Amino acid sequence: MTMFIAGGCWDRREPESLVFPSILGIDVAEDELFEVIALIPNPSARAGGAAGITGGGAFAVPFWVNSGRGHTPFEALKQLALTTSRQINLSHVDVILISENLARRGIGPVLELYLRSPDIRLIAEVAVVEGDLRNLLESEIPLEPTPALGLLAMLEFTRQERSQIPRGDFLEKAKLMTFPGIDPVFVRFTVLKATATETFTDSGSAQGQSQSQVPKPVVKIHGAAAFDDDRMVGWFEDRESVGVNWLLGGISRTIVSVDSPRGGVITLELKQSGVKVTPVVSGNSISMEVKVGALARVQDAAAHGHSEHIVFDSEDPELVKSVTDRVAQAVRNDIELALKKARELEVDPFGFGNTIYRKKPQFWNEVVQGRWIEMFKTVEVNLEIEVFLRRPGLVMSSITPR
Numbered sequence: 005m006t007m008f009i010a011g012g013c014w015d016r017r018e019p020e021s022l023v024f025p026s027i028l029g030i031d032v033a034e035d036e037l038f039e040v041i042a043l044i045p046n047p048s049a050r051a052g053g054a055a056g057i058t059g060g061g062a063f064a065v066p067f068w069v070n071s072g073r074g075h076t077p078f079e080a081l082k083q084l085a086l087t088t089s090r091q092i093n094l095s096h097v098d099v100i101l102i103s104e105n106l107a108r109r110g111i112g113p114v115l116e117l118y119l120r121s122p123d124i125r126l127i128a129e130v131a132v133v134e135g136d137l138r139n140l141l142e143s144e145i146p147l148e149p150t151p152a153l154g155l156l157a158m159l160e161f162t163r164q165e166r167s168q169i170p171r172g173d174f175l176e177k178a179k180l181m182t183f184p185g186i187d188p189v190f191v192r193f194t195v196l197k198a199t200a201t202e203t204f205t206d207s208g209s210a211q212g213q214s215q216s217q218v219p220k221p222v223v224k225i226h227g228a229a230a231f232d233d234d235r236m237v238g239w240f241e242d243r244e245s246v247g248v249n250w251l252l253g254g255i256s257r258t259i260v261s262v263d264s265p266r267g268g269v270i271t272l273e274l275k276q277s278g279v280k281v282t283p284v285v286s287g288n289s290i291s292m293e294v295k296v297g298a299l300a301r302v303q304d305a306a307a308h309g310h311s312e313h314i315v316f317d318s319e320d321p322e323l324v325k326s327v328t329d330r331v332a333q334a335v336r337n338d339i340e341l342a343l344k345k346a347r348e349l350e351v352d353p354f355g356f357g358n359t360i361y362r363k364k365p366q367f368w369n370e371v372v373q374g375r376w377i378e379m380f381k382t383v384e385v386n387l388e389i390e391v392f393l394r395r396p397g398l399v400m401s402s403i404t405p406r
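Each residue of the sequence shown is one higher than the last, beginning at 5 in this note's numbering.
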C-alpha cells in the first residue's frame, strides 16, 4: 500500500510541458492528405504585444500557426509534434474550421476525430471557410488579440444582432446528422481578398507625424453552408440563411427595412416570438402549416429627400397595420427564398421531415420513409406570419420640421 501512495502522480503532465491550440483548421492538401492547421497561443508572450507582430524585439509574437499532414486528421495532428517543443493538448480548442474543399468531399473523418477525442470540447464552434484557410489563421482580427477570440466574438455578436447564422456547436451538428428528416447547416466564413492592413498617419502626436498599421477586416460571416448528411452541397446566402433561422425559431434579433405608405423607408428591429410547424395529412399527401410570430420595434424612418409627410406615426392604426403587413411580407419573402434554395440543393434544414417523423410516425413509416427529399421538393408549405408592433422607439411619430 505504501508503494502506491508514494508513487505520486505517475501519469501527470505538467502545464509547462503542454501547449493548447485555440483553433484547429482542417483541409485537404494537393497530395490528397489531410492537413491540420493549428493556431497556438504563445504562453511566453509579454502582455501588451501587438497581435501577430513582433515590435522591434520588444514583444513576443502572441500566437503562431503550425501545420501537419497525414492520411487521417489524427495522424496529421500528431505530425505537429515534429515541429513543436511541447505536447499538444486539444482541451482549449474553441473553434474548428473546415475548408470548403474538405466540406464538399465529406467531413466524416473530422467527425471521427471530434467524437473520439477525450480532449476536444463538445461545445466547440464549427464553421466552413470559403477561401484560404491558412491565410485566415495567420491574419489579425481587428479589436481582438488573437484570431480565436476574434472569431468567437464575431459568432456571438452576429447571432445576437443579425441572426444570420445557425445556432449550435459541433456536437449538435453531429447529432442532427443521425436524425431522420433534417439536415444540418454550418456557419460560413468568407475570407476577404482585401489587404490586411492600411497605413494611418497621425499628425497630432507629440513627436510630429507618425504612421501606424491599422488592420482591416479579413473575414466576414456570410450566410451558411448546407449539408446533406456529412457532405456540403451548397451555400445559403444572407437572406436565405435568415429564412432558415425563422423556421428553426433561431431569430433573436434582425432588421427589416420596408417602404412607408407615406413615403420614405422605415427600418424595424424584429425579435421572434415563436414558430409552430404542424404537418397535415390528407390521404397519401402531406402539407406543412407554419405559423411565425415576431415583435417589431421602429428604429429609424427616413424620407426620400424633403417630404411634408410624416414617415411613421404609431398613433395611426391604418399606418401601423400597413407597415406590419409589409414587414410580414418581407419575412415571408426570406422564408420563401430559403425554401426555394433548400429544394434546389435537395436538403431539409428546417426539419420538416423530422417533424413528420415525430408527430405522424405511422405516416412516416408507410409513406415518407426513404423518399422524403423527393416529397419535400413539392410539399405545400402554408405560411402564416404575424408581426406585432410593440415599441415605436422613444418617440411616437417622426419629426416634421417647420
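Just so you know, even glycine gets a beta-carbon here, dropped at the ideal spot from N, CA and C.
Keep in mind the model is a prediction, meaning the values are calculated, not measured.
| Asked | Found |
| --- | --- |
| Of the residues PRO321, ILE30, PHE316, which one's Cα is nearest the Cα of GLY110? | ILE30 |
| Taking all protein chains shown into account, decide if SER209 is buried (16 or more other Cβ within 10 angstroms of its Cβ) or exposed. | In this predicted model, SER209 has a pLDDT of only 48, less than 50, meaning its place in the structure is not dependable; the value taken from the coordinates is given anyway. Looking at its Cβ environment, which holds fewer than 16 other Cβ atoms inside 10 Å, SER209 is exposed. |
| Looking at C-alpha atoms only, which residue of GLY227, GLY287, ASP263 is the closest neighbour of GLN168? | GLY227 |
| DSSP beta-bridge partners for SER21? | For SER21, which the question treats as bridged, DSSP gives no partner whatsoever. |
| For PRO66, report the span of its alpha helix (DSSP H) as first-last. | Here PRO66 belongs to no alpha helix (DSSP H), and DSSP marks it neither H nor E. |
| How many Å lie between TYR118 and ILE124 at the Cα? | 7 Å |
| Between ASP242 and VAL351, how many whole angstroms is the CB-CB distance? I'm expecting something under 8 Å. | Actually they do not touch by this definition, with Cβ atoms about 18 Å apart. |
| Does the region 39-46 touch the region 76-85, meaning 3 or more C-beta pairs lie closer than 8 Å? | yes |
| Can you tell which of ALA33, ALA306, VAL385 has the C-alpha that lies nearest to the C-alpha of ILE339? | VAL385 |
| Whole angstroms are fine: how far does the CA of LYS345 sit from the CA of LEU180? | 20 Å |
| Taking Cβ to Cβ, would you say VAL195 is nearer than 8 Å to GLY154? | no |
| Can you tell me the Cα-Cα spacing of THR328 and ARG266, whole angstroms? | 14 Å |
| Under three-state DSSP, which class holds ILE225? | strand |
| Short check: CB of PRO146 to CB of PRO45, under 8 Å? | no |
| Looking at the structure shown, is ASN288 part of a helix, part of a strand, or coil, going by DSSP? | coil |
| Check the DSSP bridge columns for MET236 and list the partner residues they point to. | PHE231 |
| Who are the Cβ neighbours of GLY59 in its own chain at under 6 Å, not counting the five residues just before and after it? | Low per-residue confidence applies at GLY59: pLDDT is 43, beneath 50, and the placement is therefore not dependable enough to give any value. |
| What first and last residue would you give for the alpha helix (DSSP H) that runs through ARG192? | ARG192 -> not in any alpha helix (DSSP H); beta strand (DSSP E) instead, spanning 189-195. |
| For the beta strand (DSSP E) that contains PRO45, what are its first and last residues? | 38-45 |
| Can you find a CB in chain B that lies within less than 8 Å of the CB of GLN303? | No chain B appears in the structure shown, which is made up of a single protein chain. |
| Is PRO353 near VAL189, with beta carbons less than 8 Å apart? | yes |
| For GLY357, is the classification buried or exposed, using 16 other Cβ atoms within 10 angstroms of its Cβ as the cut-off for buried? | buried |
| Let me check one thing: in DSSP terms, what residues is ASN70 bridge-paired to? | ALA42 |
| Quick one: is ARG50 buried, meaning 16 or more other Cβ sit within 10 Å of its Cβ, or exposed? | In this prediction, ARG50 scores a pLDDT of 48, lower than 50, which makes its location untrustworthy; no coordinate-derived value is stated. |
| Once the 5 residues before and after ALA334 are set aside, which same chain residues still bring their CB inside 7 Å of it? | VAL260, VAL262 |
| Quick one: what does DSSP say LYS275 is sitting in, helix, strand or coil? | strand |
| Can you list, in chain order, the residues of its chain with a C-beta nearer than 6 Å to that of GLY355? Leave out the 5 residues immediately preceding and following it. | ILE186 |
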